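Have a look at the structure below, then the notes.
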Amino acid sequence: MQLRIPGPTPCPPEALEASGRQMINHRGKEFFALIERVTDGLKAVYQTKNDVFILTASGTGGLEAAVVNTLSPGDRVLSATSGVFGDRFADIAQAYGADVQRLTFEWGQPVDPTALEKALKDDPSIKTVFLTHNETSTGVTNDLKELSRIVKQYDKLLLVDAISSMAVVNLPTDEWDCDVVVSGSQKAYMVPPGLTMVSVSERAWKAREQATMPNFYWDFKRARQSLEKWQNPWTPAVSVIFALDATLKLMLAEGLPAIYERHAKVGQAARDGVKALGLELFARESHASNSVTAVKPGDTNDAATIVKMMREDHGIVLAGGQRTLQGKIFRIGHLGYVSVAEIAEVMAALADVLPRARQGG
Ligand SMILES: *Cc1c(COP(=O)(O)O)cnc(C)c1O
């Protein structure tokens, strides 16, 4: 099976080999060296001097950690959303009692900087802004540079879901003044699920001092205390850290500009490929994601049939649409360990499947 979903993504042999290693003591010397190396590597990928913590959870756990460490019940939050993951970020804050205003955009559209600015101008009580850098459910990458500029012009705390954009497109955490940036192991890091990474700025630490939302497992203060001794507060997913150590080595050897360039090429190949097959992209090309391409099924039956035929006839696993987009789009994941040649294989398989899907399978 070829996994072409936007996470979990395929792992290179180096990651698989590393994750199969024998366990070590997570309170011992070997682990200290490992966690120091991996943390340094993550800071390089994040382009940050801020603290970076490795938490054991899927990406959603990192989003929850960002919320409960920086907010208090009743805090006014502006959450920009145009898809499943933007909604999820807002839902988490709401679950913990934040007063969340959703700035919503049609699915498939990016967050509009002008609308963001207006919302901030209209409501000075907003303390914190949530942005999703890459909306995986629709294949849209938001202009985080411009959006963060506006958030900072209004002097707000900025929490960013970068789970499907980190190590795909440029995200200079410090230069763009992002306070908490969340990423996840099973996306462009090319390792199995199980870890979520968070960077924490000075401003976020100040917010931490004020925040009263309940937390224990996610507490950044405990994470910082432990990291001073090159440890995690709790038993981490050691195997995934082994794998991440291996892929960070690959990533840093390749270099960030080359990683972004590679994703740009793969993304372009996916978009060009589906257009050449006569299909329409779901997102505008100006904001098209280099992690995932969302495609309308055109005059075929429905997107779910295409996904099914691709899996059954070609062993290629695509993603369908989520929620209201179920059956309306299919998605090709192309972040991490995926080549242009492998995207060409996806297109060849689609070329075979589409005429039959038109005839109703
Ligand atoms: C994958 C993803 C998540 C996290 O999902 P988990 O299943 O909890 O790892 C969150 N946000 C975005 C944008 C994602 O792509």
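All residue numbers for the sequence shown refer to my numbering, where the first residue is -7 and numbers rise by one. Beta carbons are placed, not taken as given, at the ideal position from N, Cα and C, and that holds for glycine. Fair warning: this is a prediction, and the values are worked out from it, not measured in the lab.
Can you tell me whether residue i sits near ligand 1, meaning its C-beta is under 7 angstroms from at least one heavy atom of the ligand?
i: Pro102; result: no
i: Asn282; result: no
i: Gln217; result: no
i: Gln314; result: no
i: Gln178; result: yes
i: Asn126; result: yes
i: Pro185; result: yes
i: Asp91; result: no
i: Phe77; result: yes
i: Gly(-1); result: yes
i: Asp305; result: no
i: Ile155; result: yes
i: Ser50; result: yes
Once DSSP output is grouped into helix, strand and coil, what is the label at residue i?
i: Arg94; result: strand
i: Asp43; result: strand
i: Ile118; result: coil
i: Ser157; result: coil
i: Glu127; result: strand
i: Phe77; result: helix
i: Arg303; result: helix
i: Val183; result: coil
i: Phe322; result: strand
i: Thr48; result: strand
i: Gln145; result: helix
i: Leu273; result: strand
i: Thr297; result: helix
i: Val232; result: helix
i: Thr133; result: strand
i: Gly54; result: helix
i: Ile354; result: Shown here, the chain extends from -7 to 353; a query on residue 354 therefore has no answer.
i: Ile308; result: strand
i: Ala280; result: strand
i: Ile16; result: coil
i: Gln86; result: helix
i: Met205; result: coil
i: Asp237; result: helix
i: Glu167; result: coil
i: Thr227; result: coil
i: Trp222; result: coil
Please check if any C-beta of chain D sits within less than 8 angstroms of the C-beta of residue i.
i: Asp135; result: No chain D is present in this structure, which holds just one protein chain.
Applying the criterion that 16 or more other CB atoms from any shown protein chain within 10 Å of the CB defines a buried residue, is residue i buried or exposed?
i: Asn134; result: buried
i: Asp291; result: exposed
i: Thr106; result: exposed
i: Arg276; result: exposed
i: Met243; result: buried
i: Phe234; result: buried
i: Gln178; result: buried
i: Ala343; result: exposed
i: Asn17; result: exposed
i: Trp226; result: exposed
i: Phe212; result: buried
i: Ala268; result: exposed
i: Pro65; result: exposed
i: Ser11; result: buried
i: Ala25; result: exposed
i: Asp237; result: buried
i: Asp153; result: buried
i: Asp114; result: exposed
i: Thr124; result: buried
List the endpoints of the continuous alpha helix (DSSP H) containing residue i.
i: Asp114; result: 105 to 114
i: Leu150; result: Per DSSP, Leu150 belongs to no alpha helix (DSSP H); it is in the beta strand (DSSP E), 149 to 153.
i: Lys257; result: 248 to 268
i: Thr73; result: Premise fails: Thr73 lies in the beta strand (DSSP E), 68 to 73, not in any alpha helix (DSSP H).
i: Asp344; result: 332 to 350
i: Pro5; result: 5 to 11
i: Ser64; result: No alpha helix (DSSP H) contains Ser64, which DSSP labels as neither H nor E.
i: Gly219; result: Sequence check: residue 219 is Leu here, not Gly. Element bounds for Leu219: 212 to 219.
Terminal residues of the continuous beta strand (DSSP E) containing residue i?
i: Leu188; result: The amino acid at residue 188 is misidentified as Leu; the sequence shows Thr. Its beta strand (DSSP E) spans residues 187 to 192.
i: Gly33; result: Segment 21 to 38 is the alpha helix (DSSP H) holding Gly33; no beta strand (DSSP E) there.
i: Ser175; result: 172 to 176
i: Thr285; result: 284 to 288
Check whether the Cβ of residue i sits closer than 7 angstroms to any heavy atom of ligand 3, and report yes or no.
i: Ser191; result: No copy of ligand 3 occurs in the structure displayed; its ligands are ligand 1 alone.
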